[in-house]
Each structure stands twice: as C-alpha cells, then as structure tokens.
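Working notes, beginning with the structure itself.
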Amino acid sequence: MRHVIIAAMFALGACATAPPMPINLTSGGAAPAQNERRPPQDDLIVLALSGGGARAASFSLGVLEGLRDTRSAASGAPLIHQVTAITAVSGGAILAAYVGLHGEAGLDTFRAAYLDKNWRLNSLSAPTTWWRAARGGANAAHADWLDREVYGGARMGEMRTGPRIILNATDLANATPFAFTPLFTDALCSDVSGIRVADAVAASMAVPMVFRPVLLEAREGCAEPAWAARVAQDRDAPETARATAQAIHAYGRTQRYVHLTDGGVFDNFGLASLAVMRAAGPAPAPFSAREAVAARRILFLIVNSEYDRNIAWPNQATPPGGAETLISALDAATEASKRGALDALRASLDAMQRELITFRCGLEPRTARELGAAPGWSCADVSLSLEVLSLHDAGPDAPPELIHTSTEVSLPADTVTALIAAGRYAATHNAAVRALAR
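So in the working numbering, spot 82 of the sequence shown is number 174, and the numbers just go up one at a time.
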C-alpha cells in the first residue's frame with residue numbers, strides 16, 4: 093500500500109484529468125429519518141470504527157460479533173442490541189454501511205459479500221489501472237464495484253434496519269469533516285437518502301494520491317442552516333465545529349463544489365462529526381431525545397484498527413530516504429489527528445453528561461414518559477464512559493504478525509479469519525464491555 097501511494101503521487105501529478113460527476117442529487121425535500129430498530133435501551137453503545145482497509149473491516153466485524161456473543165445479565169439480550177449509532181471511516185465505513193442496510197443479520201453475510209472478494213488496491217500496479225487512476229476512473233470503478241458486489245444498488249435512505257450510521261469523509265478544501273447525514277447534505281440542497289451507499293463509502297475511503305476526491309455539487313440559493321450561522325459566530329464553540337459551520341456557509345455561495353477525500357485525513361475515528369452534531373444542537377444532540385431519556389449508561393466504544401509499522405530505520409543511524417520520510421510524516425499526521433479527536437471526546441464527557449442531565453431534568457413528567465422514562469426513572473441517573481479496543485487487545489493466541497497487517501482493500505483469507513477472531517476476543521474480554529453486561 094505504501095509503495096503504491098508514493099508511485100501514485102508521481103503518476104497523478106503528471107497526467108491531465110477529466111472532471112468527475114457529482115454524486116449528489118437535487119433535494120426533493122427533507123431526507124426521511126432512519127427507523128429505530130428497537131426502542132433505546134437503558135445502556136447504550138456508540139461505536140466508532142476506524143479506517144484501515146480490509147484490516148479494519150475484519151477486526152471491526154469481530155468486535156461486532158463479540159458484542160453479539162456477550163449478553164446482558166439483566167435482559168439476556170446481546171449487547172449488539174445496545175448499539176445505537178456507528179460512526180465510521182474508510183475501512184470501518186464499509187462494514188458500518190452494510191450493517192446499516194442489513195442489521196445484525198449482516199454480520200453473517202458481510203465476509204462473503206466483501207472480505208472474501210478480491211478488489212485490491214495493489215491492482216493499481218497494472219498499467220491500464222494507472223491510466224484510469226490518473227484520469228479519475230479508479231474512483232468510479234471502485235464505487236461501481238461496491239455498488240454491484242456489496243450494497244446491491246442501495247441508497248442511503250434504505251439504511252433503516254440497523255443503528256444510525258454516520259459515514260465520514262474529509263472536505264479537502266476546508267480541512268473539515270463531512271458526514272453523509274442531513275445535517276451536512278441539507279446545506280447543499282441535496283437529499284442524502286438518494287445518494288448511493290457505495291458512493292458515500294467510496295468517498296470515506298478515497299485514499300489521497302490513489303483515488304481522486306469524490307465530488308459533491310453545492311447548489312446556489314440554498315438557505316444556510318440556522319445552526320451553521322450561529323456556530324460560525326460563536327467564539328466559544330469548538331474550533332472544528334466553527335470551521336465546519338464556516339465551510340457550510342461557503343457551500344453554494346463562494347464554493348461551488350465539495351471535494352471529499354478519505355475521512356481519515358481529518359479524523360480516522362469519525363468522532364469529529366459527533367462534535368459538530370453536538371454543537372449544532374439542539375440538546376441532547378448527538379443523541380435523540382428517546383436515547384437521552386432511556387439511557388442510564390452510555391459507552392463510547394472506539395475500535396482502533398491501526399497497525400504497527402514494521403520498520404527498521406529507528407534502529408539505524410542512517411536517516412530514512414525521501415519517500416520513507418514523506419510516508420512517515422503522513423502516518424504521523426494521521427495518528428496525531430486521531431489522538432486529538434479521541435482526547436477531545438474524552439475531555440468532553442463530563443460536559444456531555446451535564447447537558448444530558450439538564451435536558452432530562454427539564455422535561456415535563458408526561459413528556460419524559462412519552463419518551464420512554466420507566467417508573468422510578470431519575471433524570472440525574474446517567475453516566476458516560478469511553479473505551480478503546482485495538483489490535484493490541486487481540487489476545488495471546490493471535491499471530492504476532494497480525495499487528496503489522498498492511499492497509500489493503502483485500503487480504504488473504506487466513507488473515508481475515510485471524511483479524512475477526514482478534515476483534516471478537518478484544519470485545520468479549522474487555523472490562524468495560526463486561527461491566528456493561530452486568
């Protein structure tokens with residue numbers, strides 16, 4: 093993967109390109125809200141699935157299987173029923189979108205639908221594919237393959253059977269997150285429900301210098317969302333939320349097109365979009381009112397599928413060469429932004445808890461009951477926590493080389509099997525997950 097990116101830099105820089113077609117449709121009205129699979133539980137899980145190609149998709153699949161294998165002592169239901177939202181990037185987005193379409197049943201078919209098929213980024217070594225990549229054709233080929241082989245022509249509006257799905261990309265011009273949700277697409281006068289699932293996923297995994305950015309059209313005359321005008325002027329708002337609001341103000345005014353690249357360029361966990369949703373409001377965003385009332389414990393479960401680079405030069409006096417230095421700098425930037433997003437979420441948990449309590453305690457008793465408050469419900473009884481699962485939690489039986497698995501769109505079958513097993517072990521042996529089951 094790394095040598096492909098370096099070679100692609102020179103190939104793409106040397107060739108003229110044809111403009112791609114925007115993937116978004118003109119809005120026909122507000123996008124339909126996703127159906128809730130089941131009433132919110134008193135324990136909720138918000139999953140964040142990181143990027144990392146097939147490695148991330150495989151490890152994340154194992155984590156979801158582990159949540160299905162772990163049952164609540166109180167209700168006997170599997171913990172996967174407590175997953176209320178999945179925010180995802182790149183490789184994690186491939187799985188998240190599939191679960192959004194097929195629900196829990198999709199865990200049994202995802203491997204055959206995607207992981208056991210062979211669309212590999214290293215096929216870019218073929219001369220014909222280089223030419224197509226240089227002219228932007230690899231984007232369309234990849235999205236069309238996903239549409240045909242994985243998502244069956246589905247549109248975003250069809251993701252109604254599973255938890256809320258947030259597919260994240262990066263607005264390259266503004267250096268801001270872009271999520272395929274109405275909060276973002278309404279600002280383009282576009283109906284998110286009409287966008288192909290495959291196009292949203294392809295945008296989320298549009299690796300720079302390998303795939304050209306995916307194009308959205310920002311149409312003129314679109315009313316600026318009230319939240320964007322407010323947040324853009326709020327000097328106390330988080331800087332990411334302010335910058336995103338300013339970008340949305342530009343859409344259709346000073347910016348005609350939105351060029352989307354891999355979500356991991358901004359935040360490889362997909363957490364920044366949650367911060368934007370929270371700032372946009374109204375309370376209790378990013379949770380729904382029913383989720384906020386039902387919840388007693390909320391766990392943000394971060395699935396970090398990043399690998400450890402197996403490199404020799406840190407033990408050598410000779411510095412790395414130019415290509416190695418560049419790719420290491422890109423890796424460092426991705427890692428730093430990811431850690432920053434994680435630290436920001438961790439630092440915001442206390443404030444989010446206070447906001448939830450304020451919202452809950454401000455409800456009229458009748459409204460609280462209508463939103464699912466059970467007898468004996470206490471408006472102040474809600475807590476939030478955060479936990480990270482990674483390949484370092486794969487367990488003693490995991491192959492030692494698993495942590496060095498490279499980022500590819502396809503992987504050998506035995507590696508996929510080992511990664512799924514590692515994710516399942518990480519979830520079922522995690523103390524925070526076990527505590528939620530008690």
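Idealized CB from N, CA, C, for every residue including glycine.
Per DSSP, ALA180 lies in no alpha helix (DSSP H) segment; the continuous beta strand (DSSP E) that holds it begins and ends at 175-181.
About 5 Å separates the beta carbons of GLN445 and LEU476, which is inside the 8 Å limit, making them a contact pair. The residue from VAL357, ALA524 and ARG516 with its alpha-carbon nearest to that of GLU157 is ARG516. Here ARG240 is not near CYS281, since their CB atoms are 8 Å or more apart. When DSSP states are grouped into helix, strand and coil, GLN347 belongs to the strand group. Taking C-beta atoms as the reference points, VAL508 and LEU207 count as a pair closer than 8 Å. Closest option to GLN347, judged by alpha-carbon separation, among ALA465, SER167 and LEU308: LEU308.
Look at ALA271 here: in three-state DSSP terms it is strand. For ARG452, the number of other beta carbons within 10 angstroms of its own is at least 16, and it is reported as buried. If you check the CB distance, SER142 and PHE361 come in under 8 Å. The beta carbon of ALA295 is closer than 6 Å to those of ALA261, VAL306 and LEU352 in its chain, skipping five residues each way along the sequence.
Under the three-state reduction of DSSP output, ASN396 falls in the strand class. Leaving aside the five residues that flank ALA519 on each side, the residues in its chain whose CB is nearer than 6 Å to its CB run, in chain order, VAL155, GLY158, LEU159 and VAL525.
The Cβ atoms of SER150 and LEU511 lie closer than 8 Å to each other.
Distances from the alpha-carbon of ARG163 to those of ASP135, ALA337 and ALA232 put ASP135 closest. From the listed residues GLU462, ALA320, GLY414 and ILE419, the smallest Cα separation to ALA386 is found for GLU462. Scanning ARG256, ALA415 and THR201 for the CA closest to the CA of PHE379 turns up ARG256.
The criterion of a C-beta distance shorter than 8 Å is satisfied by LEU259 and ALA189.
Exposed is the label assigned to PRO488, since fewer than 16 other Cβ atoms lie within 10 Å of its Cβ. The C-beta of ALA439 has fewer than 16 other C-beta atoms within 10 Å across all chains shown, which makes the residue exposed.
The three-state secondary structure of ARG247, taken from DSSP, is strand.
In this structure, DSSP gives ASP354 an extended state, which the three-state scheme calls strand.
In this structure GLY468 is exposed. Its beta-carbon is surrounded by fewer than 16 other beta-carbon atoms within 10 angstroms. Boundaries of the beta strand (DSSP E) harbouring SER482: 475-482, taken from the DSSP string.
Looking only at SER182, TYR349 and GLU479, the smallest Cα-Cα distance to PRO300 is reached by SER182.
Counting only the Cα atoms, VAL289 lies some 24 Å from ALA377. Straight-line spacing of the CA atoms in ILE186 and LEU238 works out to 9 Å. In this structure MET297 is buried. Its beta-carbon is surrounded by 16 or more other beta-carbon atoms within 10 angstroms. Between GLY144 and SER397 a beta carbon distance of about 4 Å is seen, short of the 8 Å cut, so the two are scored as contacting.
Judged by their CB atoms, PRO269 and ASP328 are not nearer to each other than the 8 Å cut-off. Around the beta carbon of ASN116, a 10 Å sphere encloses 16 or more other beta carbons of the protein chains shown; the residue is thus reported as buried. Per DSSP, the unbroken beta strand (DSSP E) holding VAL138 starts and ends at 135-141. In the DSSP secondary-structure assignment, ILE257 is bridged to ILE178. Its chain contains ALA279, LEU280, ALA310, CYS314 and VAL350 as the residues whose beta carbon lies nearer than 8 Å to that of TYR343, once the 5 sequence neighbours on both sides are disregarded; these appear in chain order. The residue from GLY355, MET369, ILE403 and TYR243 with its alpha-carbon nearest to that of ALA267 is GLY355. Between HIS496 and TYR399, the gap from beta carbon to beta carbon is short of 8 Å.
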